[in-house]
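Report on one structure; see the data block that follows.
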Amino acid sequence: MAHSPSSYSYVIVTYISCLWVLLGTASGQLSANFYATSCANFSSIISNAVSSAVSNEARMGASLLRLHFHDCFMHCRRIIIQLTTFFIFAKGCDASVLLDDTANFTGEKTAGPNNNSLRGFDVIDTIKSQLESSCPGVVSCADILTTAARDSVVALGGPSWNLVFGRRDSTTASLSAANSNIPAPTLNLSGLISSFSNQGFNANEMVALSGSHTIGQARCTVFRARLYNENNINSSFATSLRANCPSSGGDNNLSPLDVVSPTSFDNAYFSNLISQSGVLHSDQELFNNGSTDAQVRTYSSNSATFSTDFANAMIKMSNLNPLTGSSGEAMEGMQGSIPPPTTLLPTTTAFPSSTTTAFPSPFT
């Protein structure tokens, strides 16, 4: 029996991959030599600034890496739209995370994963200012974020990787996409695999990228439930964390995500998981008698394999659906309120209000 469209309450639209060509973007337009003549000292300016910032505060390395992740991890999404089907596209590494609210859109800074949590804006400001003095109006903020993330890992002893450039900066942002797409620290393994799969990553790449938790810190409020309610946690480890994370109060007290070597980018995070010393619920889910246990063991015993896989996954993430060519722009300043150009999708195709419950950000 045929059904009329009105007989359906919801239309589920699943994007297995974003339709790149309809957005007029292609990673093939990026180039390792994009700034070779227009801003030859681009890489050294960023590297020196990041090195100085991380030297002053090791925690900043994790903050800059996370800033890049939260900018990029908005490539594809699953949405439920009542009665009507819309073709909606989430952009990737486009510096939209830096934009303030405007009359036309609400920025991503107040999204659950980002609010009062994302750090490093001042470092990006400094880098942008230095680049504007050297080669004004040339280098995009998206390329700065991408490069600063790589250089932060290097500054903390981690691997380097080759990058391509030419990303343009978005002129709009999506609060709902940030709330919907960035994985929560409460996810179980199947939820993590699904979340990363929506962005085009397989389970092994998800585990590799999770290794970034070898640096950075988490707030008591997001791992308290694990400390006091879960059984797959080392008792001595739990006792040590409880000293700084009581059952009530102290929500903003911090703990390193890797208590063994919190300021070194290494593979100790995976060894911690094997000893049931993962800080976040989502961390320990990677090693909890599930399908990713073997990958965790591999990375725990072979730092070179982890470094290679992490670098490759970061390259892949940095190339998620960038704006290139005539799309977007190169921001003159960071965190600006930039009006959208008339060439953008009309407001009727903007993201709907998210029904996903916002969660407190695990990192600072």
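Residues -28 to -1, 1 to 336, numbered by mature numbering (1 follows the signal peptide of the UniProt record, and there is no 0), are exactly what the sequence shown covers, in order.
C-beta atoms are modelled at their ideal positions from N, C-alpha and C, and glycine is treated no differently.
Bear in mind that the values here come from a model prediction, so they are computed numbers and not experimental data.
Contact check for Q267 and V125: beta-carbon distance about 20 Å, past the 8 Å limit, so the pair fails to qualify.
Within the DSSP bridge table, the entry for F137 names S3 as partners. In this structure, A21 sits away from I187, with a CB-CB distance that is not shorter than 8 Å.
The three-state reading of DSSP puts Q267 in helix, counting H, G and I together.
DSSP places Q189 inside the beta strand (DSSP E), whose first and last residues are 189 to 191.
By the beta-carbon neighbour count (other beta carbons within 10 angstroms, threshold 16), A127 is buried.
By the neighbour-count definition (other C-beta atoms within 10 Å, threshold 16), G109 is an exposed residue. Counting only runs of at least 4 residues, the stretch 18 to 47 fully encloses the following alpha helix (DSSP H) elements, listed from N- to C-terminal order: 31 to 44. In the structure shown, L292 falls within a coil segment according to DSSP collapsed to helix, strand and coil.
Measuring C-alpha to C-alpha distances from S254 to each of N13, V194, G92 identifies V194 as the nearest. In this structure, A150 keeps its C-beta atom at 8 Å or more from the C-beta atom of M32. The alpha-carbon of N28 is positioned some 29 Å away from that of S272. Per DSSP, L245 lies in no beta strand (DSSP E) segment; the continuous alpha helix (DSSP H) that holds it begins and ends at 240 to 246.
By the C-beta density criterion, D94 is exposed, having fewer than 16 other C-beta atoms within 10 angstroms. Counting only runs of 4 or more residues that sit fully inside the stretch 191 to 224, the alpha helix (DSSP H) segments are 192 to 201, 207 to 214, in chain order. Cα atoms of G183 and F282: separation of roughly 8 Å, rounded to the nearest angstrom. The residue among P234, Y200, N13 with its C-alpha nearest the C-alpha of P218 is Y200.
Counting the other Cβ atoms within 10 Å of the Cβ of N239 gives 16 or more, which makes it buried.
S89 sits away from E80, with the two beta carbons spaced by 8 Å or more.
Beyond the five residues adjoining it in sequence on each side, V26 comes within less than 7 Å, by CB distance, of M32, G33, S124, A127, L128 in the same chain, given in chain order. Between I154 and A120, the gap from beta carbon to beta carbon reaches 8 Å or more.
In this structure, the alpha-carbon of T144 lies about 12 Å from that of G64.
In this structure, M286 is the residue among M286, S23, A30, I17 with its C-alpha nearest to the C-alpha of F168. N216 places its beta carbon 8 Å or farther from that of N206. Residue environment analysis places T118 among the buried positions, since at least 16 neighbouring C-beta atoms fall within 10 angstroms of its C-beta. Here S227 is bridged, per DSSP, to A190. For S132, the three-state secondary structure derived from DSSP is coil. For T74, the three-state secondary structure derived from DSSP is coil.
By the criterion of a C-beta distance shorter than 6 Å, L161 is surrounded in its chain by E257, G262, once the five residues flanking it on both sides are discounted.
Of the residues assessed, T211 falls on the exposed side of the cut-off, its CB having fewer than 16 other CB atoms within 10 angstroms. Straight-line spacing of the CA atoms in S105 and R140 works out to 19 Å. In the three-state scheme derived from DSSP, where H, G and I count as helix and E and B as strand, N176 is classed as helix. One thing to note: L252 has its Cβ within 8 Å of the Cβ of P157. Taking the C-beta atoms as reference points, T280 is found no nearer than 8 Å to T270. Taking C-beta atoms under 8 Å as the contact rule, A8 and V136 fail to qualify, at a distance of about 12 Å. Secondary structure of S273 (DSSP, three-state): helix.
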